[in-house]
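*Asks:* Protein chains in written order, with this note's numbering: chain U, 1 to 317; chain P, 1 to 307. Glycine included, C-beta positions come from ideal geometry on N, C-alpha and C. Once you've had a glance at the structure underneath, I'll fire off some questions.
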Amino acid sequence: MQSGRPVSRKTRWERFKAAMWEYRWLNLMVIPGFFFFILFKYVPMYGIIIAFKNYKGAAGGFQAIASAPWIGLKNFEIFFKSLYCARIFKNTIWISLLRLVFSFPAPILLALMINEVRSNVFKRTVQTITYMPYFLSWVVVAALLNTLLSPDNGAINAMIQLRGGSTVYFLTSKSWFRPILIISEIWKNIGYGSIVYLAAITSIDQEQYEAARVDGASKFQQIIHVTLPELSNIIAIMLILQIGKMFDDNFDQIYNLYSPSVYEVADVFETYIYRNGIQQSKFSYSAAIGLVKSVIALAMILFTNWASKKLDTDGLF
Amino acid sequence: MGCSEEGIMMKVKKNRTLNSPGEHIFLFLNDLILILLCIVMIYPVLFVLARSVTPELERALHPLRIFPSSFDFTGYVFIFSSGSNIVNSYRTTILRTLIGTAVNMALTLLLAYPLSKKYYRPRKVLTGLIVFTMWFSGGLIPSFLLNKSLGLLNSFWVYIFPCAVNPFNLMIMRNFFQQIPDSLDESAKLDGANDLRVFWSIYLPLSTASIATLTLFYAVFHWNMWFDSMLYMNRKEMWTMQYTLRQLIDSATVTDIATVGTAMDNIPPAETVRMATVVVATVPILCIYPFLQKYFVKGMLVGSVKG
């Protein structure tokens with residue numbers, strides 16, 4: 001045995017022990033949360049190996065993942081060769097693009113409009129009312145939509161019939177489904193999304209408006225030449241964040257609104273994984289699709305985090 | 001950034017004066033559009049509220065009516081009568097929201113405090129470990145199999161443990177703790193207080209606004225959750241309100257879902273039960289959020305990107 005090593009190891013161990021003792025209360029506080037993250041976040045990550053295995057039957061539970069036979073990339077092959085793969089990618093990207101174009105600017109517009117309101121009471125009222133839908137679940141929003149859009153005696157179809165039009169089956173129509181996704185998303189999130197922009201608008205230096213006014217700028221010109229440029233940084237950051245979430249499916253929304261007749265335009269990763277994995281018990285196959293999604297989502301987030309660091313040296317976290 | 005609630009609400013441009021008819025028209029149109037928007041926001045909720053108390057015949061004859069000419073409260077009577085499964089769901093949801101939020105807050109606060117301390121050496125590793133879970137997850141299937149193996153299937157605790165800490169909320173809390181000056185901590189330590197004591201008597205009382213915000217976020221999450229009932233709960237008596245509602249909407253008849261035990265007679269029309277359930281599932285949240293509005297505005301800004 002060499003003479004130097006055990007001594008240094010011992011002191012290091014002792015130093016470690018001393019540090020652990022010094023932080024004993026903090027360590028104690030960390031334990032429950034740490035245990036939660038390991039058990040409910042990291043153990044499932046180990047479970048991802050199920051995607052490369054042929055796991056049959058849930059009877060064995062999580063432990064049986066280890067003993068299931070390896071089959072390499074078979075599950076991925078099946079998915080990439082199936083027609084569902086193209087459909088899911090197409091739907092995910094389409095819905096995300098529609099969101100970027102329509103749902104993303106809506107809260108900015110609302111914030112600009114609320115900012116122009118001159119009465120404080122009215123301003124507060126508008127804010128309180130527009131925040132409201134954010135607190136409803138998608139189950140409730142789907143119930144509202146079902147009631148409004150119902151072909152039997154929903155309000156919208158009643159109006160259409162009053163004008164002599166014929167009944168529209170909104171929620172089962174392939175051409176209507178995506179617009180309804182976007183409209184309902186805007187309805188639910190526009191008020192809440194405007195908070196960040198309103199805060200940014202409030203912090204703009206009022207003298208800039210004064211200066212613009214002296215130069216004879218109208219209200220509209222002030223918005224274009226003062227407010228929007230001041231907001232450009234926060235808009236850029238929010239846009240990047242939104243792009244990073246492109247592969248977050250909004251499962252709650254789609255699952256509560258869709259039906260087999262619109263799968264073709266509505267099916268996204270999570271809905272497909274749920275139907276195959278949980279309802280049909282194809283665990284390995286759906287876990288493989290889940291992994292594809294998680295990896296793409298991770299790449300998007302790392303990319304957007306990098307991009308936002310270019311904008312804001314603090315990064316997002 | 002002027003992050004305060006007062007800042008957003010009150011800082012109107014008082015010094016601006018109107019000087020052209022064009023601006024009058026602009027402001028008038030602006031207000032008008034906002035009023036229309038508010039109507040669009042409220043109408044669906046009022047519509048469902050009205051439908052829940054409108055007799056079935058009138059619903060069919062006057063589908064657009066918001067103020068019914070006669071009232072029919074059988075939906076509500078049924079929901080709160082014995083033998084109704086909706087009472088069970090309501091109880092489950094309330095229990096889940098109370099216990100779940102308490103567990104959430106306890107774990108989040110306990111974990112956020114050490115992570116906010118620069119002198120706590122494991123801080124970086126732990127933060128990295130937690131942030132990574134916001135970016136990458138095992139996904140639905142491994143989590144499902146794990147929870148099953150943990151014996152959480154058909155257990156009330158499936159509503160509590162798998163969502164015990166939300167990493168985003170944790171980071172909001174940590175960021176807030178970090179803003180509290182270290183000098184408070186140091187002087188308390190000189191007086192002989194330990195970390196637990198500093199946390200309890202200094203940090204928590206200083207963080208009431210953030211604590212209120214996170215409590216609201218967690219409580220709304222639990223109140224609105226339905227997915228774990230669908231995945232893990234085969235006993236309909238222990239479904240959450242939202243999942244029961246989902247099932248009511250999905251099925252043509254409501255009897256199976258809305259009742260337990262021996263069949264009841266006099267079940268109101270399906271649509272009446274559905275509408276009344278929507279109202280009952282929604283009203284508590286609609287009643288509390290306006291009072292907590294200023295907290296969540298604050299919380300949203302603490303948690304969001306720094307401007």
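1) Does the pairing of the region 196-206 of chain U with the region 108-128 of chain U give three or more beta-carbon distances under 8 Å?
2) Determine which residues of the region 85-115 of chain P have a Cβ less than 7 Å from any Cβ of chain U, and write them out in chain order.
3) In terms of residue numbering, what span does the alpha helix (DSSP H) encompassing Tyr113 (chain P) cover?
4) Check each candidate in P:Ile180, P:Leu286, P:Asn266, P:Val278 and name the one with the smallest Cα separation from Ser89 (chain P).
5) For Val254 (chain P) versus Ala270 (chain P), is the C-beta spacing smaller than 7 Å?
6) What is the DSSP secondary structure of Thr54 (chain P), counted as helix, strand or coil?
7) Identify the residues that DSSP records as bridge partners of Lys53 (chain U): which are they?
8) Quick one: grab the DSSP three-state call for Thr277 (chain P).
9) Could you tell me which chain U residues have their CB closer than 7 Å to the CB of Val278 (chain P), listed as they occur along the chain?
10) Is it buried or exposed, Tyr119 (chain P), if we count other Cβ atoms within 10 angstroms and call 16 or more buried?
11) Check whether the region 69-80 of chain U touches the region 156-164 of chain P, counting contact only when three or more Cβ pairs, one atom from each stretch, lie closer than 8 Å.
12) Just the chain P side, please: which residues come within less than 8 Å of Tyr84 (chain U) by C-beta, in chain order?
13) At a CB-CB cut-off below 7 Å, which residues of chain U make contact with Lys117 (chain P)?
14) Any residues in the region 220-239 of chain P with a beta carbon nearer than 7 Å to a beta carbon of chain U? Which ones, in chain order?
15) According to the neighbour-count rule (16 or more other Cβ atoms, all chains shown, within 10 Å of its Cβ), is Asp152 (chain U) buried or exposed?
16) Which ranges does the beta strand (DSSP E) cover as unbroken runs of at least 3 residues, wholly within the region 211-244 of chain U, from first to last along the chain?
17) So what's Thr167 (chain U) in DSSP terms, helix, strand or just coil?
18) Output, in sequence order along the chain, the residues in the region 258-274 of chain U whose CB is closer than 8 Å to any CB in chain P.
19) So, under 8 Å CB-CB, Met29 (chain U) and Leu64 (chain P) are touching, yes? Tell me the CB distance rounded to an integer number of Å.
20) For Ala106 (chain U) and Ile190 (chain U), what's the separation of their Cα atoms in angstroms?
21) Is the region 128-141 of chain P in contact with the region 29-48 of chain U, if contact means three or more CB pairs nearer than 8 Å?
22) How long is the line joining the alpha carbons of Glu23 (chain P) and Asp205 (chain U), rounded to whole angstroms?
23) Counting only Cβ pairs nearer than 8 Å, list the residues of chain A close to Met173 (chain P).
24) Any contact between the region 145-160 of chain U and the region 58-77 of chain P? By contact I mean 3 or more CB pairs, one from each, below 8 Å.
25) Where do the N-terminal and C-terminal ends of the alpha helix (DSSP H) with Gly141 (chain P) fall, by residue?
26) Inspect the beta-carbon positions of Val139 (chain U) and Asn305 (chain U) and report whether they are closer than 7 Å.
27) Would you list the residues sitting across from Thr253 (chain P) in a DSSP beta bridge?
28) When you compare only the Cα positions, how much space is there between Arg124 (chain U) and Leu206 (chain P)?
29) So, with DSSP's three-state summary, where would you put Thr259 (chain P)?
30) Evaluate contact between the region 207-226 of chain U and the region 234-243 of chain U, counting only Cβ atoms and requiring at least three cross-stretch pairs below 8 Å.
31) Roughly how many whole angstroms lie between the Cα atoms of Gln161 (chain U) and Phe291 (chain P)?
32) Mind checking the region 21-32 of chain P against chain U and listing, in chain order, the residues whose C-beta falls within less than 8 Å of any C-beta there?
33) Can you check which of these residues, P:Ile267, P:Arg235, P:Phe296, P:Asn175, is closest to Ala112 (chain P) by C-alpha distance?
34) Please identify the residue among P:Trp223, P:Val297, P:Asp191, P:Arg197 whose C-alpha is closest to the C-alpha of Thr282 (chain P).
35) If we call anything under 7 Å between Cβ atoms a contact, is Ile273 (chain U) one with Ser286 (chain U)?
36) Identify whether Ala297 (chain U) lies in helix, strand or coil by the three-state DSSP scheme.
*Replies:* In brief:
1) Between the region 196-206 of chain U and the region 108-128 of chain U, the count of Cβ pairs shorter than 8 Å is three or higher; the stretches touch.
2) Leu107, Leu110, Leu111, Tyr113, Pro114
3) 85-115
4) Taking only the C-alpha atoms, the option nearest Ser89 (chain P) is P:Val278.
5) Result yes, Cβ atoms of Val254 (chain P) and Ala270 (chain P) sit closer than 7 Å.
6) coil
7) Its beta-bridge partners are U:Trp70.
8) helix
9) Val140, Ala143
10) The residue in question, Tyr119 (chain P), is exposed, as its Cβ has fewer than 16 Cβ neighbours within 10 Å.
11) no
12) Per Cβ cutoff of 8 Å: no residues; Tyr84 (chain U) is ~16 Å from chain P at best.
13) Chain U residues near Lys117 (chain P): Leu26.
14) Val220, Asn224, Trp226, Leu231
15) exposed
16) none
17) coil
18) Glu270, Ile273, Tyr274
19) Rounded, the Cβ-Cβ distance is 57 Å, inconsistent with contact.
20) 6 Å
21) yes
22) Using only the alpha carbons, I get a separation of about 21 Å.
23) The structure shown contains no chain A; its protein chains are U and P.
24) yes
25) Inspection of the sequence shows that residue 141 (chain P) is occupied by Ile rather than by Gly. From DSSP, the alpha helix (DSSP H) with Ile141 (chain P) extends over 140-149.
26) no
27) Answer by DSSP bridge pairing: none, since Thr253 (chain P) is not bridged.
28) 27 Å
29) strand
30) Not touching, per the Cβ criterion.
31) 41 Å
32) Within the region 21-32 of chain P, the residues whose Cβ lies closer than 8 Å to some Cβ of chain U are Gly22, Glu23, Phe26, Leu27, Asn30, Asp31, listed in chain order.
33) Nearest C-alpha to Ala112 (chain P): P:Asn175.
34) P:Trp223
35) yes
36) helix
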